[in-house]
Amino acid sequence: MSQAPFGRRLLRVTSTDELGAYRVLRVADPHGPKPRAGQFAMLAAAEHWGGGREQRPYLPRAFSIARHSGGEAHFLLEDVGPGTKRLCELEAGDRLWALGPLGRGFTAPPEDLRAILVGGGVGIAPLAILQDAIAAPVTVLLGFRDRAHAQGATLLDSARVATDDGSVGHRGLVTELLASEIERDPCAVVYACGPAGMLEGVRALCARTGTPAQLALEAGMACGFGACFGCAVPRRGGGYLRVCLDGPVFDAGELERIDEHAGLSEVGQPV
Ligand SMILES: Cc1cc2nc3c(=O)[nH]c(=O)nc-3n(C[C@H](O)[C@H](O)[C@H](O)COP(=O)(O)OP(=O)(O)OC[C@H]3O[C@@H](n4cnc5c(N)ncnc54)[C@H](O)[C@@H]3O)c2cc1C
Ligand code: FES
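If you read the sequence shown in our numbering, its first letter stands for residue 9, the second for the next number, and so on.
Written out as structure tokens, the structure is:
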């Protein structure tokens, strides 16, 4: 596993692009450790973060490293609150603080199994760097709310898309595409990232069909490196796992049912 150097790094934004409902943020990180697919970084803009009238955002936010090439790290952002809004405002030349790569990433598929990548919404981000890392062809299944979000699928190659409203690809859930893929050829290993409901659907399907699966969780985080226990999720058989340190990628068998608010603190969201 790549270890982040102690302390955060001040990095410069090289470019940003709109990708449908998302924003792709690229930052120069020539001296940072090479991330493993599935690892993440804690990001905070260098200016207008942790100050001002509303004092939000204050804590850095967790983002999957979506791609790493030519000394640049790429992130896929969806504006859902103060932290992502601020990061989406950044332009080339602006600076941000980054701590990472953090956490445990994906493990490469065995040679005899086909990899099926299953992503939902902004959870497609760690699957892009995973596809880059796997030399063999993979099956890519991505689910989105609508056409604007489905444009995110261009981050990966040869994706089959499902949308809730049927505006692009299969009308329905990406787990329906996964069920027919496993039925067609069960010699597969599944890699998934997305909202809790989707991950629970993938976990249950893979448990039922005996398909090995690695799941990347996106539980709310405060510190990102194991100190606050704000990201704990129940471990199958008892006890807890910290998503930031023991994950964010877990073998599906390590986890109990994936709860809608798994890992979110009592106050419900980071500050
Ligand atoms: C390992 C990891 C990787 C991530 N990768 C990405 C990524 O690549 N791109 C991206 O856009 N986001 C990613 N996220 C999610 C992102 O860190 C959170 O959504 C973050 O809280 C956004 O900050 P905010 O201030 O914009 O919104 P907030 O004000 O923190 O949250 C906005 C709304 O979303 C809800 N919410 C926040 N976090 C979560 C969560 N984890 N699960 C369910 N609901 C939540 C809040 O309750 C609130 O209603 C990742 C999270 C983790 C832990
Ligand atoms: S976010 Fe602090 S322990 Fe995981």
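Note that beta-carbon positions come from the ideal geometry of N, C-alpha and C, so glycine has one too.
- In this structure, 82 is the residue among 213, 82, 228, 192 with its C-alpha nearest to the C-alpha of residue 27.
- From the listed residues 17, 266, 257, 262, the smallest Cα separation to residue 138 is found for 257.
- In the three-state reduction of the DSSP assignment, residue 146 falls in the coil class, being assigned neither a helical nor a strand state.
- Residue 110 is positioned such that its CB atom lies no closer than 8 Å to that of residue 71.
- Selection 220, 38, 236 evaluated against residue 262 yields 220 as nearest (Cα-Cα).
- Set against 7 Å, the gap from the CB of residue 177 to the closest heavy atom of ligand 2 is not smaller.
- A straight-line Cα-Cα distance of about 7 Å links residue 174 and residue 180.
- At least 8 Å separates the beta-carbon of residue 164 from that of residue 126.
- Environment of ligand 2, chain-ordered: 229, 230, 231, 232, 233, 234, 235, 236, 237, 238, 239, 250, 251, 252, 253, taking every residue with Cβ within less than 7 Å of a heavy atom.
- In the three-state scheme derived from DSSP, where H, G and I count as helix and E and B as strand, residue 178 is classed as strand.
- Boundaries cannot be given for residue 130, as no beta strand (DSSP E) includes it and DSSP labels it neither H nor E.
- Apart from sequence neighbours up to five positions away, the residues of its chain that approach residue 214 with a beta-carbon distance below 6 Å are 198, 221, 260, ordered along the chain.
- Annotation for residue 80: the continuous beta strand (DSSP E) segment containing it runs 80 to 85.
- Shortest Cα-Cα distance from residue 130 to any of 87, 247, 193, 253 involves 87.
- For residue 163, the secondary structure class from DSSP, reduced to helix, strand or coil, is helix.
- Counting C-beta atoms within 10 angstroms of its own C-beta, residue 162 has fewer than 16 neighbours from the protein chains shown and is therefore classed as exposed.
- Distance between residue 92 and residue 112, taken at the CA atoms: about 23 Å.
- Secondary structure at residue 210: helix, using DSSP grouped into helix, strand and coil.
- Judged by the Cβ position, residue 136 fails to qualify as a neighbour of ligand 1 at the 7 Å threshold, every heavy atom of the ligand being at least this far.
- The C-beta distance from residue 228 to residue 253 rounds to 15 Å, too long to meet the 8 Å contact threshold.
- Around the CB of residue 25, fewer than 16 other CB atoms lie within 10 Å, so the residue is classed as exposed.
- Judged by DSSP secondary structure, residue 97 falls within the alpha helix (DSSP H) whose first and last residues are 90 to 97.
- In the DSSP annotation of this structure, the continuous segment of the alpha helix (DSSP H) that includes residue 156 starts and ends at 155 to 158.
- Counting only runs of 4 or more residues that sit fully inside the segment 191 to 264, the alpha helix (DSSP H) segments are 204 to 217, in chain order.
- The continuous beta strand (DSSP E) containing residue 30 extends over residues 30 to 36.
- Taking the CA atoms as reference points, residue 217 sits about 11 Å from residue 195.
- Exposed is the label assigned to residue 143, since fewer than 16 other Cβ atoms lie within 10 Å of its Cβ.
- When the beta-carbon positions are compared, residue 167 and residue 114 stay at least 8 Å from each other.
- The beta-carbon distance between residue 106 and residue 51, rounded to whole angstroms, is 6 Å. This is short enough to meet the 8 Å contact definition.
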